[in-house]
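Under the working numbering, the final residue of the sequence shown carries the number 572; numbering is consecutive throughout.
Here is the structure we will look at.
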Amino acid sequence: MSKVLIIGAGGVGRVVAYKCAQHRSVFSDILLASRTKKKCDVIADAIYKAYGGPKIKTAKLDADDVEQTVALIRKFQPELVINVALPYQDLPIMDACLETGVNYMDTANYEPKDVAKFEYSWQWAYQERFKKKGIMALLGCGFDPGVTSVFTAYAKKYYFDEIHYLDIVDANAGSHGKAFATNFNPEINIREVTQKGKYWENGRWVETEPHEIWKDIDYPEIGPKRSYLIYHEELESLVKNFPTLKRARFWMTFSEEYLTHLRVIQNIGMAGIEPVRYKGIDIVPLQFLKAVLPAPEELGENYTGFTSIGCRIKGVKDGKERTYYIWNNCSHQAAYQETGTQGVSYTTGVPAMIGARMILEGKWNGTGVFNVEELNPDPFLDRLKQDGLPWHEKVDIDLGMD
Numbered sequence: 171m172s173k174v175l176i177i178g179a180g181g182v183g184r185v186v187a188y189k190c191a192q193h194r195s196v197f198s199d200i201l202l203a204s205r206t207k208k209k210c211d212v213i214a215d216a217i218y219k220a221y222g223g224p225k226i227k228t229a230k231l232d233a234d235d236v237e238q239t240v241a242l243i244r245k246f247q248p249e250l251v252i253n254v255a256l257p258y259q260d261l262p263i264m265d266a267c268l269e270t271g272v273n274y275m276d277t278a279n280y281e282p283k284d285v286a287k288f289e290y291s292w293q294w295a296y297q298e299r300f301k302k303k304g305i306m307a308l309l310g311c312g313f314d315p316g317v318t319s320v321f322t323a324y325a326k327k328y329y330f331d332e333i334h335y336l337d338i339v340d341a342n343a344g345s346h347g348k349a350f351a352t353n354f355n356p357e358i359n360i361r362e363v364t365q366k367g368k369y370w371e372n373g374r375w376v377e378t379e380p381h382e383i384w385k386d387i388d389y390p391e392i393g394p395k396r397s398y399l400i401y402h403e404e405l406e407s408l409v410k411n412f413p414t415l416k417r418a419r420f421w422m423t424f425s426e427e428y429l430t431h432l433r434v435i436q437n438i439g440m441a442g443i444e445p446v447r448y449k450g451i452d453i454v455p456l457q458f459l460k461a462v463l464p465a466p467e468e469l470g471e472n473y474t475g476f477t478s479i480g481c482r483i484k485g486v487k488d489g490k491e492r493t494y495y496i497w498n499n500c501s502h503q504a505a506y507q508e509t510g511t512q513g514v515s516y517t518t519g520v521p522a523m524i525g526a527r528m529i530l531e532g533k534w535n536g537t538g539v540f541n542v543e544e545l546n547p548d549p550f551l552d553r554l555k556q557d558g559l560p561w562h563e564k565v566d567i568d569l570g571m572d
């Protein structure tokens with residue numbers, strides 16, 4: 171029986187709240203907080219209608235303001251803060267947890283608002299402070315990052331003495347019926363996919379132009395999809411925590427229509443993050459674009475198709491080369507029927523709830539800052555199957571990735 175504070179009421183926050191409410195023996199008291207309290211109230215009402223039971227509490231919170239977050243934590247006294255707000259807010263929320271002595275977790279690493287750059291170094295720097303305070307910070311517990319890292323740890327534990335090659339493959343083979351929309355926060359999404367690509371090979375990072383490298387990858391129950399090499403944050407921690415890796419890459423599918431819209435957005439300056447003066451007001455083009463695009467949490471109703479995300483791994487066991495593929499496919503329609511939002515939010519929110527459960531039940535514990543692959547994968551993956559994201563595996567197959 172534990173209190174949790176969930177910060178963020180977008181699509182992922184909605185899923186986390188729904189999934190926590192399904193397990194009241196673990197999450198006995200839930201507070202959902204966001205800059206827009208009305209969004210929290212709508213989610214709380216929907217969950218009460220679906221499940222009954224104790225109603226989720228709601229609060230208005232500007233998570234950029236450490237003092238506000240500290241005050242809310244002290245008032246509610248949670249055992250854990252689940253941060254599913256914007257990556258810009260990771261450090262202020264971590265500061266608030268340090269000040270109040272409360273455990274912390276998130277689903278995406280820190281990114282400065284004024285620089286399109288994300289990396290773990292800012293959060294890893296909190297290691298000694300969290301240790302000294304006797305609390306835990308769990309980083310990147312969504313799907314990718316998150317489940318993909320747990321998949322890798324599971325593979326190492328049971329199938330490999332050394333992992334040499336890792337390809338994380340992420341397909342969204344769904345259709346939302348919109349001309350252009352992003353599946354999570356447009357500002358963060360567009361910043362991420364317009365950056366240069368990067369992968370690890372032979373002890374160094376290799377940089378590529380955006381979407382320069384692509385291949386057609388065959389996804390289970392979906393078929394071949396054009397997939398592009400991009401840089402994704404879990405590569406940074408996986409290379410650190412699995413030092414035998416000779417190569418680590420991340421692939422994601424984009425339709426030609428999506429990439430065309432993206433090029434136009436960049437060409438006309440709407441992907442810019444520097445303020446532009448318009449009629450006496452400073453406007454950040456990308457933030458304005460976010461305001462006019464469909465909200466990710468509103469895409470679910472007409473979304474069809476599946477996501478498919480997994481790890482294709484090659485390495486050595488008992489002196490012999492072997493291969494391994496572990497993945498999950500998620501239905502957008504099933505996600506909407508359960509939580510009222512689409513599959514991308516669902517695949518991020520479910521693992522966040524499970525990570526929170528691992529901490530509250532003491533199955534994942536420790537003091538300091540942790541990435542998920544540093545912890546025991548078994549109880550997490552057991553829950554993943556039970557909580558809506560069943561996973562599958564194949565051993566010693568042609569991975570189709572060389």
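From the three backbone atoms N, C-alpha and C, an ideal C-beta is built for every residue, glycine too.
Using a Cβ-Cβ cutoff of less than 7 angstroms, which residues in the same chain neighbour residue i once the five nearest sequence positions on both sides are dropped?
i	result
Met528	Trp534, Pro549, Phe550
Thr537	Phe300, Lys301, Gly304, Ile305, Met306
Trp292	Leu261, Tyr280
Ala266	Val236, Thr239, Val240, Ile243
Val186	Ile176, Ile252, Val254, Gly519, Ala522, Met523
Considering Cα atoms alone, identify which of the options is closest to residue i.
i	options	result
Thr270	Glu471, Val251, Val240, Asp572	Val240
Tyr328	Phe300, Ile483, Glu371	Ile483
Lys555	Leu530, Asn499, Gln507	Asn499
Ile333	Ile451, Phe321, His381	Phe321
Thr518	Leu469, Gly312, Ala325, Tyr448	Gly312
Leu201	Ile252, Pro394, Gly222	Ile252
Arg205	Val182, Ala233, Ser198, Leu545	Ala233
Tyr489	Val363, Asp331, Gly373	The residue asked about is misnamed: residue 489 is Gly in this sequence, not Tyr. The shortest C-alpha separation from Gly489 is found at Asp331.
Leu429	Phe350, Lys487, Gly367, Ala220	Phe350
Arg417	Val520, Leu268, Met571	Met571
Asp388	Leu530, Trp421, Gly558	Trp421
Tyr221	Gln238, His193, Thr352, Lys207	His193
Gly393	Glu249, Ala343, Glu531	Ala343
Can you tell me whether residue i is buried or exposed? The criterion is at least 16 other CB atoms within 10 Å of its CB, across all chains shown.
i	result
Gly304	exposed
Ala203	buried
Val565	exposed
Lys209	buried
Lys225	exposed
Asp337	buried
Pro515	Position check: residue 515 holds Ser in this sequence, whereas Pro was assumed. Ser515 comes out buried.
His346	buried
Val446	exposed
Lys395	buried
Ser425	exposed
Tyr448	exposed
Less than 6 angstroms between C-beta atoms, sequence neighbours within five positions excluded: which residues of the same chain meet that for residue i?
i	result
Asp260	Asp276, Tyr280
Met440	Pro455, Leu459
Asp568	none
Lys283	Tyr258
Cys190	Phe197, Ile200, Met523
Put residue i into one of helix, strand or coil per three-state DSSP.
i	result
Val339	strand
His381	coil
Phe288	coil
Val565	strand
Arg419	strand
Val520	helix
Ala229	strand
Phe330	coil
Cys481	strand
Arg194	coil
Ala255	coil
Gly538	strand
Val174	strand
Tyr296	coil
Glu391	coil
Ala216	helix
Lys490	strand
Met528	helix
Thr509	helix
Cys500	strand
Thr239	helix
Taking only beta-carbon atoms, is residue i less than 8 angstroms away from chain B?
i	result
His381	The displayed structure is made up of one protein chain only, and chain B is not part of it.
With a CB to CB cut of under 8 angstroms and the five nearest residues on each side skipped, what residues in its chain are close to residue i?
i	result
Gly525	Met275, Leu308, Cys311, Gly316, Trp534, Val542, Phe550
Trp375	Lys368, Tyr369
*Examine the Cβ distances between the stretch 403-420 and the stretch 430-448 and report whether three or more of them are shorter than 8 angstroms.*
no
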